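Here the structure comes first, spelled out in structure tokens, and everything after it is commentary.
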Amino acid sequence: MGSKGGFILLGLLLFLAVLCHSGHGLTCFSCMRPFYRCTTNQTCAVNYNTCLYVDAGINKYFQCWKKDDCKFDTLAKHFGEKELQYRCCQQDMCNKDPEGGNSKAAGKTALLEALLAAPLLATAWNLCL
């Protein structure tokens, strides 16, 4: 009975190891960029197996997406855009801005813009109160 119990325990541990194995999730840029450059990334959830880049004029979208939903009609409806160009890809961080907007320098520029805008927004907020 001792060896039978050992095999059962070993089997259960193996079963749990298979269930708990998270694997390596896809990592994509993730943000909407009407006024700043995208430098944020996220690890995609299990069902999201594609990185998406959507260019809809002033609005640009970067995010995890489902490969099966990578269709113009689905994207246009989801984002509420009538005209857009898009790209879906399956490598880590592959949904970068083709105009070069995903860089550390771009992140510093966005931070500088945010730091400059914060006092103006705070002043406007105080005037409205």
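Numbering (mature numbering (1 follows the signal peptide of the UniProt record, and there is no 0)), first residue to last: -25 to -1, 1 to 104. For every residue, glycine included, the Cβ atom is placed at its ideal position computed from N, Cα and C. Nothing here was measured: the structure is a model prediction, and the numbers come from that model.
Starting from residue i, follow its DSSP beta bridges and name the residues at the other end.
i: residue 27; result: 38 and 63
i: residue 7; result: 36
i: residue 2; result: 18
Tell me the residue span of the alpha helix (DSSP H) that contains residue i.
i: residue 18; result: Element bounds for residue 18: not the alpha helix (DSSP H) but the beta strand (DSSP E), 16 to 18.
i: residue 53; result: 47 to 54
Please state if the CB of residue j and the CB of residue i are separated by a distance shorter than 8 Å.
i: residue 42; j: residue 16; result: no
i: residue 63; j: residue 39; result: no
i: residue 4; j: residue 37; result: yes
Within 10 angstroms of the Cβ of residue i, are there 16 or more other Cβ atoms? Answer buried if so, exposed if not.
i: residue 98; result: exposed
i: residue 47; result: exposed
i: residue 31; result: buried
i: residue 35; result: buried
i: residue 83; result: With a pLDDT of only 48 at residue 83, under 50, the local geometry of the prediction cannot be trusted, and the value read off the model is given with reservation. So residue 83 counts as exposed.
i: residue 106; result: In this structure the chain extends from -25 to 104, so residue 106 is not present and cannot be described.
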